[in-house]
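K.L.:
Handing you this structure, nothing more for now.
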Amino acid sequence: MSKRSPCPSPLCSLVVAACLCACLQQAGARLYRWVDETGNIHYSDVLPAESVERGHVELDTRGVEREAVPPAPSEAEIEAERARALAQMYDDYILANYRNEEDVRMVREGQLSALDARIQVQRDGIRRERTRLEALATERAGADQGQAETLRTLESEVIEVERRILEHYRRIVVLERSKDAARRRFAEVLERLRELRGLDGEAVASLPVPPHRLVCGERARCARDWTRAQAYLTERFAPPELHQSIDLLIARMRDEREVRVLTLARLSGLEGGTVLYLDLQCRNRLTGADDCIDAAAKAAVAGFRDALRPPR
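This is the structure:
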């Protein structure tokens, strides 16, 4: 027989518990104490299903507490415990892998160097495709206008080379963003390591905004930005050798020191929206080195973003 009794007062609870214990002692059954959703205390030899998550106390036949089952944790408590466990795992990982700040910097530079190597692979690919583009331009210029089939073939190949160049730049943007994420991640690691080990150090500088690339947003604004970006490039380096298409503008300048190529690309299909990207590649005519000499070309890249989005 199940006995369930709500008690609004402590005295009532004690009386009921004593009576139930006497009955249950004879029957050899268990007694549970639990609280309902309104705060009333109940005693019963059967635990209602709805009270399981609220917690309960199991009493022996003498009314002595045998076991206390706490309430089931709420979703907020579960989430807080999960966050605490993850934070502890993060701290344990940092302490296990980094003895000091130099360890953090070494690992960071290793990851950044690996990403730089992958970026260089893409830049080498761009250089090859650009050389092919120049060869195609020469072939088109020398083709007879009556050779319609030849001209169509050349035009198709030009479009394909342009597509590959744009794809190389998309990969570069993804890799550069990975570098940005790595810098932010290691800045957090360094800051936490200082806290855990009680180290002093200069505040970690915030990550600068890349001056050579810009997410241009919705379509109409992006079209305006693209027009302004083209003007930004051609007005500074006139008259350059130009190759121009819908999403690509390549300006080549030559002097006695080096060959400079500024490439402006409009890159759709990237996370966060279309990106306008300005790239500078140089080749020293004496040494073959890739380092750029011309200050104006380097300044054009450094000022690209601010020219399209003046800082407030």
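Counted the way mature numbering (1 follows the signal peptide of the UniProt record, and there is no 0) counts, the sequence shown spans residues -29 to -1, 1 to 283. The beta-carbon is built from N, C-alpha and C at its ideal position, and this holds for glycine as well.
Does the distance from the C-beta atom of Leu164 to that of Glu105 stay below 8 Å?
P.N.:
Their beta carbons are not under 8 Å apart, which means Leu164 does not touch Glu105 by this criterion.
K.L.:
For Glu24, collect the residues of the same chain with a Cβ closer than 8 Å to its Cβ; drop the 5 residues on either side in sequence, then sort them by chain order.
P.N.:
Excluding positions up to five away in sequence, the list reads Pro42 and Ala43.
K.L.:
Secondary structure at Thr258, three-state DSSP: helix, strand or coil?
P.N.:
Of the three classes helix, strand and coil, the one that applies to Thr258 here is coil, per DSSP.
K.L.:
Quick test of your reading: Leu241 and Arg141, contact by CB under 8 Å. State the CB separation rounded to the nearest angstrom.
P.N.:
6 Å between Cβ atoms; contact.
K.L.:
I'd like the list of long-range same chain contacts for Gln116, defined as Cβ closer than 8 Å, with 5 residues on each side in sequence excluded.
P.N.:
Leu122.
K.L.:
Just the C-alpha distance for His214 and Arg280, rounded to the nearest angstrom, thanks.
P.N.:
Each residue's Cα considered, the two are about 25 Å apart.
K.L.:
Can you tell me the Cα-Cα spacing of Thr32 and Leu18, whole angstroms?
P.N.:
Roughly 16 Å separates the two Cα atoms.
K.L.:
If we count the other Cβ atoms within 10 Å of its Cβ and call it buried at 16 or more, is Tyr3 buried or exposed?
P.N.:
By the neighbour-count rule (16 or more Cβ atoms within 10 Å), Tyr3 is buried.
K.L.:
Can you list, in chain order, the residues of its chain whose CB lies under 6 Å from that of Gly243, leaving out five sequence neighbours each side?
P.N.:
Val186, listed in sequence order.
K.L.:
Going by CA-CA distance only, name the one from Arg184, Leu170, Asp95 and Arg79 that's closest to residue 303.
P.N.:
What the structure shows of the chain is the stretch from -29 to 283, and residue 303 is not part of that stretch, so it cannot be assessed.
K.L.:
Quick one: grab the DSSP three-state call for Ala108.
P.N.:
Looking at Ala108 - three-state DSSP - the assignment turns out to be helix.
K.L.:
Enumerated in chain order, which unbroken segments of the alpha helix (DSSP H) with a length of 4 residues or greater are wholly contained in the region 111 to 185?
P.N.:
Counting whole runs of 4 or more residues, the region 111 to 185 contains the alpha helix (DSSP H) stretches 119 to 168.
K.L.:
Taking Val175 and Leu161 to be in contact with their CB atoms under 8 Å, please state how far apart those CB atoms are, rounded to whole angstroms.
P.N.:
That pair is a contact at about 6 Å.
K.L.:
Would you check if the distance between the CB atom of Pro182 and the CB atom of Arg276 is smaller than 8 Å?
P.N.:
Yes, the pair counts as a contact, with Cβ atoms nearer than the cut-off.
K.L.:
Can you tell me the Cβ-Cβ gap for Ile97 and Leu219, rounded? I've got them flagged as a contact below 8 Å.
P.N.:
In fact, because the Cβ distance is near 11 Å, the residues do not count as touching under 8 Å.
K.L.:
Under 7 Å: does the beta carbon of Val78 sit that close to some heavy atom of the ligand ADP?
P.N.:
As presented, the structure is devoid of all ligands, the ligand ADP included, so that no description of it is given.
K.L.:
Between which two residues does the alpha helix (DSSP H) carrying Arg195 extend?
P.N.:
Taken as a continuous stretch (DSSP letters only), the alpha helix (DSSP H) holding Arg195 covers Arg190 to Arg207.
K.L.:
Return helix, strand or coil for Asp16, following the three-state DSSP convention.
P.N.:
Asp16 falls in the coil class under three-state DSSP.
K.L.:
Taking just the CA atoms, how far does Gly34 sit from Cys(-7)?
P.N.:
Confidence at Cys(-7) is low in this model, with a pLDDT of 47, below 50, so the placement of that residue should be treated as unreliable; the coordinate-derived value is given next. Answer to the nearest angstrom: the Cα atoms are 11 Å apart.
K.L.:
Measuring straight from C-alpha to C-alpha, what distance separates Arg190 and Arg111?
P.N.:
The alpha-carbon atoms of Arg190 and Arg111 are separated by roughly 33 Å.
K.L.:
Do Ile65 and Leu167 have their beta-carbon atoms positioned less than 8 Å apart in this structure?
P.N.:
In this structure, Ile65 lies closer than 8 Å to Leu167 by Cβ.
K.L.:
Kindly indicate which three-state DSSP category Asp250 falls into: helix, strand or coil?
P.N.:
It is a strand residue.
K.L.:
Would you mind sorting Asp196 into buried or exposed? The rule is 16 or more other CB atoms within 10 Å of its CB.
P.N.:
The residue in question, Asp196, is buried, as its Cβ has 16 or more Cβ neighbours within 10 Å.
K.L.:
When you compare each of Glu8, Ala108 and Leu170 to Leu125 by their alpha carbons, which one comes out closest?
P.N.:
Ranking the options by Cα distance to Leu125, first place goes to Ala108.
K.L.:
Contact between the region 256 to 266 and the region 193 to 212: three or more CB pairs below 8 Å?
P.N.:
No, the region 256 to 266 is not in contact with the region 193 to 212.
K.L.:
Keeping to the same chain, check which residues put their C-beta closer than 6 Å to that of Val129; ignore five residues upstream and five downstream.
P.N.:
So the qualifying residues of the chain are Leu107.
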